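Student: Numbering (this note's numbering), first residue to last: 3 to 271. No residue lacks a Cβ here, since even glycine has one placed at the ideal position from N, Cα and C. Quick caveat: nothing in here was measured; it's all calculated off a predicted structure.
Rendered as C-alpha cells:
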C-alpha cells in the first residue's frame with residue numbers, strides 16, 4: 003500500500019519526512035555529504051550502500067543522535083533539525099538500533115508493554131490513588147501490546163521469555179518494541195541482520211502489513227538486498243557519504259552506477 007493507495011482523509015493527517023542537504027564530518031572526513039530525500043506518507047523507503055557509505059550516520063542525524071553540520075530535517079511543516087532523540091520520538095519518529103535493546107529476562111508481552119512508556123506515564127499521585135482514567139489507560143496499553151504481538155506473528159510466543167527466542171523472533175520483537183512507541187515514521191537499522199533466507203522473507207512480508215496500519219511510513223537501512231527490493235517503494239543509494247541514486251527497485255537494479263559501485267561489485271554491503 004503506497005501513498006497513492008491510502009485513504010485521502012488519512013493522508014491529510016500524516017506528514018512526510020524531508021531531508022535536505024544533510025551533511026556531517028568527523029575529523030575532516032565527510033561521513034554524510036549533501037544528502038536529500040523524502041519519505042512520503044504510506045511509503046517504505048530503503049536506504050542502501052556499501053559498508054561505510056554513511057547510512058547509519060544519516061539515521062543518527064535524522065533522529066537527533068548527531069547534530070548536522072549542514073542541511074535540515076523537516077517533519078511535515080516542522081523544522082526538527084537537531085532536536086533531541088526523545089523529542090523526535092514524541093513527535094512520532096522512532097528508530098531501532100543494530101544492537102538489540104530487548105530485555106531478555108522479560109516475556110515477549112512484557113517487553114512490548116515496556117515500549118509503551120510514553121503513553122502509559124502517569125503523575126506519581128495516580129500510582130497511589132489509581133482511578134478510572136488510570137485503569138482505562140492500563141487496559142488500552144495492554145490491548146495495544148497484545149495487538150502488536152499478534153500482528154508481528156509472535157502470538158504463540160506471547161508469554162515466552164525473550165531469552166529463548168530465535169534470532170528471527172528477536173528481530174520481530176525489536177520491531178514490536180519500536181511500534182509500541184506509536185511512531186508515524188518507523189526507522190529500522192539493519193533489522194534482518196542474522197536472519198536466514200526464509201526468516202528474511204517472512205520478516206519482509208510482515209513489514210509490508212505494518213505500513214498504513216500500525217505505522218504511517220518506514221525507512222529501512224538493510225544489507226539484505228532481496229528484502230529491500232521486495233518491500234521498498236523507493237530506494238536511496240549512498241556511496242562514500244553521498245547520494246548515488248534514487249528510484250524504484252526496478253530502476254535501482256538497472257542503474258549502471260549502482261551496479262558498478264555496489265550491487266555488482268562483489269562487496270558485502
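(1) Evaluate residue 60 with the Cβ neighbour count: other Cβ atoms within 10 Å of its Cβ, from every protein chain shown; 16 or more gives buried, anything less gives exposed.
(2) Let me check understanding here. Comparing Cα to Cα, which of 152, 160, 115 and 155 lies closest to residue 141?
(3) State the DSSP-derived secondary structure class of residue 235, mapped to helix, strand or coil.
(4) Run through DSSP, which three-state label would residue 219 get?
(5) What's the gap between the Cα of residue 166 and the Cα of residue 156?
(6) Thinking residue 249 and residue 237 are a contact (beta carbons under 8 angstroms), I'd like their distance in whole angstroms, please.
(7) Using the three-state DSSP reduction, which class does residue 12 fall into: helix, strand or coil?
(8) Should the region 63-79 be called in touch with the region 143-163, which here means at least 3 C-beta pairs below 8 angstroms?
(9) Can you grab the Cα-Cα spacing for the pair residue 273 / residue 170, in whole Å?
(10) Suppose contacts are defined by Cβ-Cβ distances below 8 angstroms. Is residue 51 in contact with residue 227 by that definition?
(11) In the DSSP assignment, find the beta strand (DSSP E) that holds residue 245 and state where it starts and stops.
(12) Have a look at residue 203 and residue 162 and give me their C-alpha separation to the nearest angstrom.
(13) Check for me: the beta strand (DSSP E) holding residue 173 runs from which residue to which?
(14) Report the option in 46, 187, 211 and 174 whose CA atom is closest to the CA atom of residue 90.
(15) Let me know the secondary structure DSSP gives residue 257 once reduced to three states.
(16) Excluding sequence positions up to five away, which residues of its chain have a Cβ less than 8 angstroms from the Cβ of residue 33?
(17) Can you say whether residue 113 is buried or exposed, counting buried as having 16 or more other CB atoms within 10 angstroms of its CB?
(18) With respect to the alpha helix (DSSP H) encompassing residue 203, which residues constitute its N-terminal and C-terminal limits?
(19) From residue 106 to residue 172, what does the alpha carbon distance come to, in whole angstroms?
(20) Figure out for me which residue from 235, 232, 194 and 200 has the closest Cα to the Cα of residue 98.
(21) Just verifying my parser: in three-state terms, what is the DSSP assignment at residue 106?
(22) So the beta strand (DSSP E) residue 86 belongs to, where does it begin and stop?
(23) Candidates 151, 118, 79 and 174: which alpha carbon is nearest residue 139's?
(24) In chain order, what residues of the same chain have a beta carbon less than 8 angstroms from the beta carbon of residue 23, not counting five sequence neighbours either side?
(25) By a C-beta neighbour count over all protein chains shown, 10 Å radius and 16 as the cutoff for buried, is residue 45 buried or exposed?
(26) Buried or exposed, going by whether 16 or more other CB atoms sit within 10 Å of the CB of residue 253?
(27) In or out: residue 234 buried (at least 16 other Cβ within 10 Å) or exposed?
Tutor: According to the structure shown:
(1) For the purposes of this step, residue 60 is taken as the residue at position 58 of the chain shown. Buried, because 16 or more other Cβ atoms sit within 10 Å of the Cβ of residue 60.
(2) Residue numbering aside, residue 141 sits at position 139 when the chain shown is read from its first letter. The shortest C-alpha separation from residue 141 is found at 115.
(3) For this step, residue 235 is matched to residue 233 along the chain shown. It is coil, neither helix nor strand.
(4) Against the chain shown, residue 219 aligns to sequence position 217. Correct three-state label for residue 219: strand.
(5) Locating residue 166 in the chain shown gives position 164, where the first residue counts as 1. Locating residue 156 in the chain shown gives position 154, where the first residue counts as 1. In a straight line, the C-alpha of residue 166 is about 13 angstroms away from that of residue 156.
(6) Within the chain shown, numbered from 1, the residue matching residue 249 stands at position 247. Within the chain shown, numbered from 1, the residue matching residue 237 stands at position 235. Going by Cβ atoms, the distance from residue 249 to residue 237 rounds to 7 angstroms, so yes, they are a contact pair.
(7) By one-based count along the chain shown, residue 12 stands at place 10. Note that residue 12 scores a pLDDT of 46, beneath 50, so its modelled location is shaky and nothing firm can be said.
(8) no
(9) Limits of the chain in this structure are 3 at one end and 271 at the other, which puts residue 273 out of reach.
(10) Within the chain shown, residue 51 is the residue found at index 49, counting from 1. Within the chain shown, residue 227 is the residue found at index 225, counting from 1. If you check the CB distance, residue 51 and residue 227 do not come in under 8 angstroms.
(11) Counting from one through the chain shown, the residue named residue 245 turns up at place 243. Here the beta strand (DSSP E) through residue 245 covers 244-249.
(12) Translated into positions along the chain shown, residue 203 becomes position 201. Translated into positions along the chain shown, residue 162 becomes position 160. Distance between the alpha carbons of residue 203 and residue 162 is about 23 angstroms.
(13) Start at 1 with the first residue of the chain shown, and residue 173 comes out as number 171. That residue, residue 173, is in no beta strand (DSSP E); its alpha helix (DSSP H) goes 169-182.
(14) On the chain shown, position 88 is the one that residue 90 refers to. Cα-wise, what sits closest to residue 90 is 187.
(15) What you label residue 257 is simply residue 255 of the chain shown in a count that begins at 1. In the structure shown, the three-state DSSP call for residue 257 is coil.
(16) Translated into the one-based positions of the chain shown, residue 33 becomes position 31. Contacts found: 26, 27, 56, 59 and 243.
(17) Stepping through the chain shown from its first residue, residue 113 is reached at position 111. Residue 113 should be labelled buried.
(18) Counted from its first residue, the chain shown places residue 203 at position 201. From DSSP, the alpha helix (DSSP H) with residue 203 extends over 199-212.
(19) Along the chain shown, one-based indexing puts residue 106 at 104. Along the chain shown, one-based indexing puts residue 172 at 170. Distance between the alpha carbons of residue 106 and residue 172: 10 angstroms.
(20) Counting from 1 along the chain shown, the entry for residue 98 is found at position 96. The option with the nearest alpha carbon to residue 98 is 194.
(21) Here residue 106 corresponds to residue number 104 of the chain shown, with the count starting at 1. Residue 106 falls in the coil class under three-state DSSP.
(22) Numbered from its first residue, the chain shown carries residue 86 at position 84. Element bounds for residue 86: n/a, residue is neither H nor E.
(23) Walking along the chain shown from the start, residue 139 turns up at place 137. Considering only alpha carbons, the answer is 118.
(24) Stepping through the chain shown from its first residue, residue 23 is reached at position 21. In the same chain as residue 23, and ignoring 5 residues on each side of it, the C-beta atoms closer than 8 angstroms to its own belong to 36, 37, 38, 72, 73 and 74, in chain order.
(25) Here residue 45 is taken as the residue at index 43 of the chain shown, counted from 1. So residue 45 counts as buried.
(26) Here the question's residue 253 lines up with position 251 in the chain shown. Per the 10 Å Cβ criterion, exposed.
(27) Your numbering for residue 234 matches position 232 in the chain shown. Classification for residue 234: buried.
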